[in-house]
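Heads up: the sequence shown at position 480 corresponds to 674 in my numbering, and the numbers run straight through without jumps. Yeah, the Cβ is synthetic: ideal placement off N, Cα and C, and Gly gets one too. Here's the structure, in structure tokens; my notes come after.
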Amino acid sequence: MLLSLSIRDFVLVDRLELEFGAGFSVLTGETGAGKSILLDALQFALGERAESGVVRDGAPRAEIAASFTPPPELVAWLVENGLDGEENELLLRRVIDAGGRSRAFINGRPATQSQLKEAGEFLIDIHGQHAHYSLLRPGVQRQMLDAYSGGEASAAQVADAYRAWRKLEQACAEGQRHAAEAAAERESRQWQADELVTLDFRAEEWFTLQDDHRRLAHAAELIQGAQQIVSTLEAEGQGAVGQLQSVRNRLAEMVGIDPALKGALDMLDSSLIQAEEAAHELGRYAERVELDPELLARAEARLVQVNDVARKFHVRPEALPDLLAEARVRLAELDRLADTEGLRRDADKARGEYEKCAAELSAKRQKGAASLSLSVSQAMQQLSMPGGRFAVVLNACAPEAGGLETVEFQVAPHAGQGMKPLAKTASGGELSRIGLALQTILSQVSGAPTLIFDEVDAGIGGGVAEIVGRLLAELGQTRQILCVTHLPQVAAGAVSHFQVSKETVAGHALSRVRLLDRSQRIEEIARMLGGVTITDMTRKHAEEMLGAAWTSVCTP
């Protein structure tokens with residue numbers, strides 16, 4: 195259940211704190227006062243997208259916070275996602291700055307927009323003000339039936355199974371269509387792979403091979419150079435090591451006179467040790483380097499072999515192993531495409547899975563269609579459509595992502611009329627009433643504890659509006675209901691009544707919301723009944739309407 199809504203600098207709202215109770219609540223106010231802004235703010239807190247334009251002019255950011263009593267299944271989801279908070283309360287918060295960047299929080303912890311949306315699905319079900327027009331679309335009719343019959347998950351499985359099946363069918367067709375091309379490509383790829391396997395080349399070999407060849411090609415030069423350096427370092431009398439030793443001994447005598455030279459002596463000692471070690475290392479190197487023409491010839495031959503293959507396939511030598519891996523992957527794909535019998539078996543198996551899922555969905559739809567037809571027909575009698583009938587008609591069709599049948603809503607608005615498709619029969623007012631009946635019935639199977647109706651009563655009035663108010667009040671006995679309405683008959687049936695108004699402060703239009711007491715409700719309902727001029731008679735009518743609605747709700 196929605197407990198509270200806090201809004202800061204959102205569109206026309208500067209500061210707003212609202213608390214909500216159980217049962218049926220309404221939001222009323224003149225057109226343009228900002229009633230829908232409140233629902234937009236709530237939807238933003240529940241993860242809907244919003245542009246930077248929702249930030250009130252002059253404000254750096256907008257912030258929405260909504261607190262709820264979470265249902266048990268949402269509590270489990272919060273724990274699973276590490277977003278649980280205080281017991282029996284959930285806080286959703288969303289911030290968007292003037293640049294359009296937004297942040298989301300669940301129980302004070304950073305969350306993603308998709309996590310807000312997922313949490314919102316447990317909390318609120320919103321029925322929009324133009325929903326009855328969407329009733330004319332076949333896809334919406336199918337979705338409504340699936341929602342009513344508990345087939346939404348099955349419908350998703352059917353769509354997935356259909357896509358998997360069609361993908362395999364396309365692979366079969368592609369394999370047959372390109373069989374000759376695939377055979378030619380396979381021959382080319384196999385030749386390429388055979389060449390590379392015969393080469394038996396790895397990327398790291400290329401760098402080692404170049405190093406070995408360079409050393410073998412310059413072996414004589416390297417040996418001579420190492421020997422010359424050793425001779426220079428160790429020559430008797432004039433060698434660098436001997437000269438360093440003499441310098442070091444002289445400095446040691448000087449340190450005996452002035453210890454301040456000790457640092458310089460240490461550096462000379464270190465240099466002497468390093469020079470001696472360098473001479474020994476170079477001597478060992480000169481002995482180790484081989485003058486081996488046969489090894490050099492083998493290295494040169496291997497370099498030529500690798501370079502020739504690389505040029506043949508138009509790649510760098512070090513890229514040859516990747517080319518072999520790519521050839522093997524493509525060969526596997528070509529083998530799979532060439533195996534048309536295997537593809538056909540897979541496609542037939544996928545079709546069988548699709549037909550199984552679709553048959554299960556069809557059974558749910560058939561059962562749900564009968565029940566929904568009866569429920570809407572009964573609701574039509576209450577909504578001043580005596581003798582009217584509603585039917586959900588299922589017509590078999592070729593396999594598609596939506597299943598094995600089309601869904602069509604048909605209606606006979608009045609007694610004695612034949613059944614015809616909804617789009618060809620119902621007037622605007624009749625469509626509004628049928629849409630309201632459907633939404634009311636669908637809301638009864640919704641798992642959300644809070645239902646929001648945004649001007650779903652558009653296009654009706656008079657006695658029908660009174661019945662609608664009573665229907666929503668009855669729903670409010672088991673759910674929390676929030677309804678934006680222009681109809682006094684609907685507003686009169688609410689337990690809580692919020693008035694939305696607009697005022698100008700310092701040249702800026704601002705929306706205000708207040709919870710009305712009984713006397714204020716009488717004034718607001720009188721305004722809704724009589725317009726600008728409110729008479730005592732209008733007030734009396736409003737008071738009677740409130741009393742009648744209360745009596746109706748309290749009478750079993």
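When the distance is taken between beta carbons, is residue j closer than 8 Å to residue i?
{"i": "residue 314", "j": "residue 241", "result": "yes"}
{"i": "residue 255", "j": "residue 292", "result": "yes"}
{"i": "residue 521", "j": "residue 386", "result": "yes"}
{"i": "residue 720", "j": "residue 733", "result": "yes"}
{"i": "residue 599", "j": "residue 609", "result": "no"}
{"i": "residue 604", "j": "residue 616", "result": "yes"}
{"i": "residue 264", "j": "residue 284", "result": "yes"}
{"i": "residue 366", "j": "residue 525", "result": "no"}
{"i": "residue 661", "j": "residue 218", "result": "no"}
{"i": "residue 723", "j": "residue 703", "result": "no"}
{"i": "residue 659", "j": "residue 683", "result": "yes"}
{"i": "residue 356", "j": "residue 548", "result": "yes"}
{"i": "residue 476", "j": "residue 434", "result": "no"}
{"i": "residue 221", "j": "residue 639", "result": "no"}
{"i": "residue 558", "j": "residue 333", "result": "no"}
{"i": "residue 316", "j": "residue 271", "result": "yes"}
{"i": "residue 707", "j": "residue 212", "result": "yes"}
{"i": "residue 761", "j": "residue 523", "result": "Any property of residue 761 remains undetermined from this structure, which presents the chain solely from 195 to 750."}
{"i": "residue 232", "j": "residue 260", "result": "no"}
How far does the beta strand (DSSP E) with residue i in it extend, from its first residue to its last?
{"i": "residue 580", "result": "It is not in any beta strand (DSSP E) - residue 580 carries neither H nor E in the DSSP assignment."}
{"i": "residue 258", "result": "255-262"}
{"i": "residue 674", "result": "674-678"}
{"i": "residue 289", "result": "284-291"}
{"i": "residue 320", "result": "318-321"}
{"i": "residue 268", "result": "Careful: residue 268 lies outside any beta strand (DSSP E), inside the alpha helix (DSSP H) at 266-274."}
{"i": "residue 220", "result": "218-222"}
{"i": "residue 644", "result": "644-648"}
Please report the straight-line C-alpha distance between residue i and residue j, rounded to a whole angstrom.
{"i": "residue 481", "j": "residue 414", "result": "11 Å"}
{"i": "residue 637", "j": "residue 645", "result": "7 Å"}
{"i": "residue 429", "j": "residue 473", "result": "11 Å"}
{"i": "residue 729", "j": "residue 691", "result": "21 Å"}
{"i": "residue 612", "j": "residue 618", "result": "12 Å"}
{"i": "residue 449", "j": "residue 416", "result": "41 Å"}
{"i": "residue 649", "j": "residue 552", "result": "36 Å"}
{"i": "residue 602", "j": "residue 679", "result": "30 Å"}
{"i": "residue 455", "j": "residue 462", "result": "11 Å"}
{"i": "residue 740", "j": "residue 717", "result": "11 Å"}
{"i": "residue 329", "j": "residue 582", "result": "17 Å"}
{"i": "residue 625", "j": "residue 310", "result": "34 Å"}
Can you tell me whether residue i is buried or exposed? The criterion is at least 16 other CB atoms within 10 Å of its CB, across all chains shown.
{"i": "residue 377", "result": "exposed"}
{"i": "residue 203", "result": "buried"}
{"i": "residue 398", "result": "exposed"}
{"i": "residue 750", "result": "Note that residue 750 scores a pLDDT of 49, beneath 50, so its modelled location is shaky; the value from the coordinates is reported in the next line. Result: exposed."}
{"i": "residue 282", "result": "exposed"}
{"i": "residue 382", "result": "exposed"}
{"i": "residue 350", "result": "exposed"}
{"i": "residue 318", "result": "buried"}
{"i": "residue 338", "result": "buried"}
{"i": "residue 560", "result": "exposed"}
{"i": "residue 301", "result": "buried"}
{"i": "residue 555", "result": "buried"}
{"i": "residue 699", "result": "exposed"}
Return the first residue and the last residue of the alpha helix (DSSP H) that residue i is part of.
{"i": "residue 513", "result": "Counting along the chain, residue 513 falls outside any alpha helix (DSSP H), and DSSP gives it neither H nor E."}
{"i": "residue 421", "result": "413-428"}
{"i": "residue 537", "result": "534-576"}
{"i": "residue 238", "result": "229-239"}
{"i": "residue 498", "result": "487-506"}
{"i": "residue 607", "result": "Element bounds for residue 607: n/a, residue is neither H nor E."}
Give me the DSSP bridge partner(s) of residue i.
{"i": "residue 591", "result": "Answer by DSSP bridge pairing: none, since residue 591 is not bridged."}
{"i": "residue 211", "result": "200"}
{"i": "residue 305", "result": "298"}
{"i": "residue 602", "result": "587"}
{"i": "residue 703", "result": "698"}
{"i": "residue 597", "result": "594"}
{"i": "residue 249", "result": "204"}
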